[in-house]
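Engineer: Supplied in structure tokens, the structure appears directly below.
In the working numbering, the protein residues as written are 98 to 235.
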């Protein structure tokens with residue numbers, strides 16, 4: 098079986114504040130694995146696609162106590178691509194959000210994850226992860 102380096106997983110260890118009614122990029126701060134060195138961490142976080150192909154992506158995060166709507170979505174090249182999948186709650190409780198998709202990409206495309214909430218004030222997200230794995234050539 099042939100192995101390839103086109104995969105990565107990262108997570109956010111620290112809390113991140115998400116402003117009310119403002120789509121906000123999740124800024125991952127820890128690389129779990131990235132054999133191709135395709136991740137840029139911090140406030141300009143992205144995964145840069147190294148080769149043309151189909152990629153499996155999965156993102157997850159937990160929002161703190163809230164009322165209203167929360168969601169995360171996958172962005173490709175700075176624009177919404179997959180999602181949002183909303184999680185509506187009529188009363189205060191934490192919410193876990195996730196989105197997964199298979200994306201057709203070309204080398205140089207960038208992938209990122211955006212969080213949104215409309216609780217009336219800022220909310221923290223706690224654990225957050227993102228993984229991407231090359232599946233096949235296009």
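Glycine included, each C-beta is placed from N, C-alpha and C at the ideal position.
Taking DSSP's pairing of strands, which residues face residue 105 in a bridge?
Structural biologist: As a position in the chain shown, residue 105 is number 8, starting the count at 1. According to DSSP, residue 105 bridges with 229.
Engineer: Report the rounded CA-to-CA distance for residue 136 versus residue 166, giving the unit in angstroms.
Structural biologist: One-based indexing of the chain shown puts residue 136 at position 39. One-based indexing of the chain shown puts residue 166 at position 69. Approximately 29 angstroms, taken between the alpha carbons.
Engineer: Hey, is the segment 107-120 in contact with the segment 194-204, meaning 3+ C-beta pairs nearer than 8 angstroms?
Structural biologist: Too few Cβ pairs lie closer than 8 angstroms, so no.
Engineer: Residue 111 by DSSP, collapsed to three states: which one?
Structural biologist: Locating residue 111 in the chain shown gives position 14, counting from the first residue. Residue 111 falls in the coil class under three-state DSSP.
Engineer: Is the beta carbon of residue 172 sitting closer than 8 angstroms to the one on residue 203?
Structural biologist: Taking the chain shown and counting its residues from 1, one reaches residue 172 at position 75. Taking the chain shown and counting its residues from 1, one reaches residue 203 at position 106. No.
Engineer: Please name the residue or residues paired with residue 171 in a DSSP beta bridge.
Structural biologist: Mapped onto the chain shown, residue 171 falls at position 74. Beta-bridge pairing links residue 171 to 179 and 210.
Engineer: Just to confirm before moving on: does the CB-CB distance between residue 217 and residue 131 stay below 8 angstroms?
Structural biologist: Within the chain shown, residue 217 is the residue found at index 120, counting from 1. Within the chain shown, residue 131 is the residue found at index 34, counting from 1. Against a cut-off of 8 angstroms, the Cβ pair of residue 131 and residue 217 comes out as no contact.
Engineer: Is the closest heavy atom of the ligand GDP to the C-beta of residue 121 under 7 angstroms?
Structural biologist: By its list of ligands, the structure shown contains no ligand whatsoever, and the ligand GDP lies outside what it can speak to.
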